[in-house]
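Residue numbers (the numbering used here): 115 to 172.
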């Protein structure tokens with residue numbers, strides 16, 4: 115296990131993209147790192163909304 119402190123510029127603390135990914139995605143890699151949690155959050159909120167509607171008897 116690494117004891118290195120994560121940088122604030124890393125998409126996820128402790129995660130660093132490989133050299134190949136940096137070459138292919140370049141400047142878009144940081145945006146991808148921001149998009150994934152946003153999509154997951156939207157999915158969770160949709161599922162909670164569906165569950166609430168189902169439980170309300172709609």
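Just so you know, even glycine gets a beta-carbon here, dropped at the ideal spot from N, CA and C.
Residue i versus residue j - alpha carbon distance
{"i": "residue 150", "j": "residue 144", "result": "10 Å"}
{"i": "residue 104", "j": "residue 165", "result": "In the structure as shown, the chain starts at 115 and stops at 172, and residue 104 therefore has no counterpart that could be examined."}
{"i": "residue 130", "j": "residue 136", "result": "10 Å"}
{"i": "residue 159", "j": "residue 167", "result": "12 Å"}
{"i": "residue 169", "j": "residue 148", "result": "32 Å"}
{"i": "residue 161", "j": "residue 152", "result": "14 Å"}
Helix, strand or coil at residue i [DSSP, three-state]
{"i": "residue 171", "result": "coil"}
{"i": "residue 165", "result": "helix"}
{"i": "residue 158", "result": "helix"}
{"i": "residue 132", "result": "coil"}
Whole-Å CB distance - residue i paired with residue j, under 8 Å assumed
{"i": "residue 139", "j": "residue 146", "result": "7 Å"}
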